[in-house]
């Protein structure tokens, strides 16, 4: 595992794509926690969720950085370098109340 992330320069201000996991909302599935892609704003569910949509989004797009998003937690994860990134004050506010399933 690396000590530093080579992709922090790719972190962008984004608009969340949905008020919950985009794919789970469409299919009626449940999630545990949400992750926000800091490249495009896709909202997906975490790897503890049945469908792991955030990781599937990474594999489909290669967008490297996700933010812990429900609530905004101040950290990000780089899939490529497999390291946590401290976002400090650079967290993405929620657009509204997030539905709870678990």
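Numbering (UniProt numbering), first residue to last: 1 to 102. C-beta: ideal position from N, C-alpha, C; glycine also.
How many Å lie between residue 2 and residue 84 at the Cα? Note that residue 2 scores a pLDDT of 45, beneath 50, so its modelled location is shaky; the value from the coordinates is reported in the next line. Just so you know, the alpha carbons of residue 2 and residue 84 end up roughly 10 Å apart.
Taking the continuous beta strand (DSSP E) assigned at residue 23, which residues delimit it? Counting along the chain, no beta strand (DSSP E) covers residue 23; the unbroken alpha helix (DSSP H) around it starts and ends at 22–27.
Let me make sure I understand the geometry here. Which of 26, 42 and 50 has the alpha-carbon closest to that of residue 32? Measuring from the Cα of residue 32, the nearest candidate turns out to be 50.
Is it true that the CB of residue 38 sits closer than 7 Å to the CB of residue 14? A contact, by the Cβ cut-off of 7 Å.
Through-space distance from residue 100 to residue 9, alpha-carbon basis: Rounded to whole angstroms, residue 9 to residue 100 spans 32 Å at the Cα level.
Among 64, 24, 30 and 25, whose alpha-carbon lies nearest the alpha-carbon of residue 40? Of the listed residues, the one whose Cα sits closest to residue 40 is 64.
For the putative contact between residue 59 and residue 44, defined by C-beta atoms under 8 Å, what is the C-beta separation to the nearest angstrom? That belief does not hold up - the Cβ atoms of residue 59 and residue 44 are roughly 11 Å apart, past 8 Å.
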